[in-house]
Amino acid sequence: MAKFILLMFMCYHCGLEPIFGLLSKRNVSSESLSSFNQESSEGFLWNNIRLPQSVIPLEYDIFLHPNLTEFRFSGKVEIKCEIRETTNFVVLHSKDLVISQTTLTIIPSNERIEVRMQMKNDTDQLFLIMEDAIPKDAEILITIVFDGILGIDGDGFYLSELFTSNKSSRYLASTQFEPASARKAFPCFDEPALKANFSMSIVREKKHISLFNMPRVHSIPRKNNLVLDTFQQSVKMSTYLVAFAVGEYKGKSKLTKSGVNMTVYYDRTSLMETVDFSLDAGGIILDYFNTLFEVSYPLPNLDMIAVPYHKAAAMENWGLITYRKPYLVIPINSGYRWKYRAVSVIAHEIAHQWFGNIVTMQWWDDLWLNEGVASFMQYLGLQAFDNDWSMKNFFTEKINSMMSEDFTNSRALNQPVAVPDFSIFNGVTYAKGASIVRMVRGLLGEKAFMNGIKTYLNQNKYSNVVSDDLWQALSNSSDDGIDLKAVMSIWMGERAYPLVTVRRNHSEIQISQEPFILKNNTTSRTTPIWTIPFQYGILDQQGHFSRKMFLLREETATIKISGHFKLVKGNYRDDGYYRVNYDPESWKAITDQLMTNHEIFSPGERAHLLNDAVSIFARTKPLNMSVVMDLLNYMEKETDFLPWFSASHSFGILIKLRLKDIKPEVKVLMQKFATVATKALELIENQLQAKENNKGYKDAMKEYMVNLIRRINSRVSDSSPSTLRPSTDKFTQKMD
């Protein structure tokens, strides 16, 4: 590693001679980089951070020669463009590249146009300025020769270090371009809406392999033990989805039922059988999505490669998904929970092949269309792989966590993005976005929702979209004529989420809404009124639930209920992104039912009831502590993970928010929590002895409960705000 860092330092500061393969040699130093990047004093013709729409890329032809010994690369890119408006300049992106040659040619006359360059560092914009204007509808070919450094920061075109059994080092060069780092590997129009077709040629050492989004067409031996690989041209796609890799890797392949050649690539220190699990999971999920969406995966291949260093868990590059190694290389003896997490990541990235790749957001302020929808679909993929991994249960786990975070540190789903960076990838775009999609599915119904999704994909494939395009496609599929753009406008732009309060009055219920925020955090701004798809369940005297839907458009509304009923459960089937409070009589009916037969509510609904009650209690006590105590009473019979996770997570938030003013009450609740957890553990142990069914899950559940009880008992008097905030990672460790 010391050698690696030293060589990187030398590359940046000493001006090493570049590698060329097929290109002529030229000297490039850090001095020339500084000189080239110096901004011109004559002013810029374009002063917008976004690129002009006067020149649109159509095709890229990229040549790259990475040198994994000297940690740098050389390249050439040819970009075929269409002139949409008469112009005498072209603006594209380049960052940390040394450009030694630029030409511009008119197509098809091959007339060369003299250009001069300017570089604007703060926006990574490269200006090509011509003496004479190029007319509208003309086509041009931009050719740029460049050099760059293979970084070690996990961004752009970068190196990861591999260690062999004898502790020697090998390196993998791979890419991470999202959101805006393709410009660090080759000059390009680096915005998601500027889609184009990409061709690629890579020079590599004979001992290496090279990968691209598309399959390799041929390999040609060159001098000095080098090989030139050429690949098929890609489909039309955004620059951030371009990917390539070079290194000492091997692969294992299978043909999916839908005819896609799927390969998992891994370094030579891993055993071949460790990729069987991810290869099987990937094939099943890809085939499932192909059938579900009725839009075929368009590439002949889907490669998945394990990368030693990756800033995210994975990246959905079209046809070449990169993963952190632990999510793709799965030892045979891996635990139940780790396998779930690995398949969850695989399902998410494969869902992106449709939501993000086939259909892409117009700009990064609609990133949730990529991440939120893919996060929702990943749970369908999980369930397709293993039906025991219930979408509803695991999804509820994410919603409860997200709502707790949104409560304390909320932000809007749709926010303006001027300069895209890695910070835009957060829990809001993933979990909150997925939760909104799930709520819309509950409003429309399964059939109408999926019809709308299919329409959305078919109408917009290979194109870019904004949020309204999704709402329009889903609205058109609704039999009820629901205008989802109007329904969802507040949900998209509002930081908070609503609290719905249910009050029973004989044969009717009154419902009201308000923002769910801390009372001492209220501001003078106008209180939002959401259009809430309020789904509720009526439990009749015979013990049967009937599902109802009501669109709450005002601050309050009254709903008539026919016949006698035992209780009303708000957010029935826990599809909604809102909390529910009840009048004391209704809370008592719910807690009595939990004591009588808690399984009449799903594990997700039980988790929501606990999470809502504790969170509402934390909100300067609008809910009496006795309700929380009554809810805890039933939990001595609870053997499902979700309610326990929900309760422990919720109590952690409670302690964080209100420890100083309700410390005595919190101690009482913690002691009660420990008591019922101990009784539940005894029940779980008895179940383990009685039957072997789903033993892996129950063993893990037992270990989780032991750890939870130990944590409660040891910290019940602790004043630390971090007390009792177990995360799913704690559970994961116990399940491995």
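Going left to right, the sequence shown walks through residues -16 to -1, 1 to 720 as mature numbering (1 follows the signal peptide of the UniProt record, and there is no 0) numbers them.
Built from N, CA and C at the ideal position, the CB exists for glycine as well.
(message) So, for residue 747: in the same chain, excluding its five sequence neighbours on each side, which residues have a beta-carbon less than 6 Å away from its beta-carbon?
(response) With the chain covering -16 to 720 only, the question about residue 747 has no answer from this structure.
(request) Please confirm whether residue 582 and residue 622 have their CB atoms less than 8 Å apart. (result) Using a Cβ distance threshold of 8 Å, residue 582 and residue 622 count as a contacting pair.
(message) Report the CB separation of residue 302 from residue 197 in whole angstroms; it is logged as a contact under 8 Å.
(response) Sure, about 5 Å apart at Cβ, within 8 Å.
(message) Need the endpoints of the beta strand (DSSP E) that residue 251 sits in, please.
(response) Segment 245 to 251, the beta strand (DSSP E) holding residue 251.
(message) To the nearest angstrom, how far is the alpha carbon of residue 471 from that of residue 465?
(response) The C-alpha of residue 465 is placed about 12 Å away from the C-alpha of residue 471.
(request) Kindly identify the DSSP beta-bridge partner or partners of residue 157. (result) Residue 157 is bridged to 143 and 230.
(request) Alpha carbon to alpha carbon, how far is residue 48 from residue 206? Give it in angstroms, no decimals. (result) C-alpha separation (whole angstroms): 14 Å.
(request) Since I believe residue 360 is in contact with residue 422 (beta carbons under 8 Å), could you give me their beta-carbon distance rounded to a whole number of angstroms? (result) Yes, residue 422 and residue 360 are in contact; Cβ-Cβ is about 6 Å, under 8 Å.
(request) Could you tell me whether the segment 136 to 149 touches the segment 119 to 128, where touching means 3 or more Cβ pairs closer than 8 Å? (result) Short answer: they don't touch.
(message) According to DSSP, simplified to helix, strand and coil, what is residue 258?
(response) Under the three-state reduction of DSSP, residue 258 is assigned to helix.
(request) Would you kindly work out how many angstroms separate the C-alpha atoms of residue 571 and residue 335, rounded to a whole number? (result) One C-alpha to the other measures close to 40 Å.
(message) Rounded to whole angstroms, what is the Cα-Cα separation between residue 587 and residue 40?
(response) Each residue's CA atom was taken as its position, placing residue 587 and residue 40 some 52 Å apart.
(request) Figure out for me which residue from 539, 371, 613 and 476 has the closest Cα to the Cα of residue 652. (result) Among 539, 371, 613 and 476, the Cα nearest to that of residue 652 is on 613.
(message) Using the three-state DSSP reduction, which class does residue 175 fall into: helix, strand or coil?
(response) Three-state DSSP puts residue 175 in coil, outside helix and strand.
(request) Would you kindly report the start and end of the unbroken alpha helix (DSSP H) that includes residue 576? (result) That run of the alpha helix (DSSP H) goes 568 to 581.
(request) Say whether the segment 28 to 44 touches the segment 59 to 78, bearing in mind that this needs 3 or more beta-carbon pairs closer than 8 Å, one atom from each stretch. (result) Pairwise C-beta distances place the segment 28 to 44 in contact with the segment 59 to 78, as three or more of them are shorter than 8 Å.
(request) For the segment 446 to 463 and the segment 479 to 489, state whether three or more C-beta atom pairs, one from each stretch, are separated by less than 8 Å. (result) No contact exists between the segment 446 to 463 and the segment 479 to 489.
(request) Can you grab the Cα-Cα spacing for the pair residue 437 / residue 265, in whole Å? (result) Between residue 437 and residue 265, the alpha-carbon positions lie close to 23 Å from each other.
(request) For my contact list, residue 398 and residue 452 are in at a C-beta cut-off of 8 Å; report their separation, rounded to the angstrom. (result) Separation of the CB atoms of residue 398 and residue 452 is rounded to 11 Å, and the pair is thereby denied contact status at 8 Å.
(request) Would you list the one or two residues that DSSP bridges to residue 521? (result) 531 and 553, per the DSSP bridge assignment.
(message) By alpha-carbon positions, which one of 531, 45 and 88 ends up nearest to residue 217?
(response) Measuring from the Cα of residue 217, the nearest candidate turns out to be 45.
(message) Which of the three DSSP states is assigned to residue 613 in this structure?
(response) Correct three-state label for residue 613: helix.
(message) I'd like to check one pair, residue 52 with residue 155: are the Cβ atoms closer than 8 Å?
(response) Cβ distance < 8 Å, so residue 155 and residue 52 count as in contact.
(message) Quick check on residue 147: buried or exposed, where buried means 16 or more other Cβ atoms within 10 Å of its Cβ?
(response) Its Cβ having fewer than 16 others within 10 Å, residue 147 is exposed.
(request) Give the single residue among 542, 275 and 458 whose Cα lies nearest to the Cα of residue 496. (result) Answer by Cα proximity: 542.
(request) Find out if the Cβ-Cβ distance for the pair residue 171, residue 312 is shorter than 8 Å. (result) Contact annotation: residue 171 and residue 312 have beta-carbon atoms that are not nearer than 8 Å.
(message) Quick check on residue 18: does DSSP put it in helix, strand or coil?
(response) Here residue 18 scores only 36 on pLDDT, less than 50, and its place in the model should not be relied on; the value that follows carries that caveat. Looking at residue 18 - three-state DSSP - the assignment turns out to be helix.
(request) Look up residue 60 in the DSSP assignment and say whether it is helix, strand or coil. (result) Of the three classes helix, strand and coil, the one that applies to residue 60 here is strand, per DSSP.
(message) Suppose you measure from the CA of residue 257 to the CA of residue 297; what does that come to, to the nearest Å?
(response) If you draw a straight line from the Cα of residue 257 to the Cα of residue 297, it is about 22 Å long.
(message) I'd like to confirm the pairing. Which residues does DSSP put opposite residue 287 in its beta bridges?
(response) As a beta-bridge residue in DSSP terms, residue 287 pairs with 247 and 304.
(request) State the DSSP-derived secondary structure class of residue 419, mapped to helix, strand or coil. (result) Of the three classes helix, strand and coil, the one that applies to residue 419 here is helix, per DSSP.
(request) In the DSSP assignment, find the unbroken alpha helix (DSSP H) run with residue 595 in it and report its ends. (result) That run of the alpha helix (DSSP H) goes 587 to 602.
(request) Examine the Cβ distances between the segment 199 to 213 and the segment 156 to 169 and report whether three or more of them are shorter than 8 Å. (result) Judged by Cβ distances under 8 Å, the segment 199 to 213 makes no contact with the segment 156 to 169, as fewer than three pairs qualify.
(message) Can you list, in chain order, the residues of its chain with a C-beta nearer than 8 Å to that of residue 530? Leave out the 5 residues immediately preceding and following it.
(response) Non-local beta-carbon contacts of residue 530 in its own chain, meaning distances under 8 Å to residues more than five positions away in sequence, involve 521, 522 and 524 in chain order.
(message) I'd like to check one pair, residue 442 with residue 279: are the Cβ atoms closer than 8 Å?
(response) Taking 8 Å as the Cβ cut-off, residue 279 and residue 442 qualify as a contacting pair.
(request) Kindly indicate the opening and closing residues of the alpha helix (DSSP H) around residue 439. (result) If you look at residue 439, you'll find it in the alpha helix (DSSP H) that goes 430 to 444.
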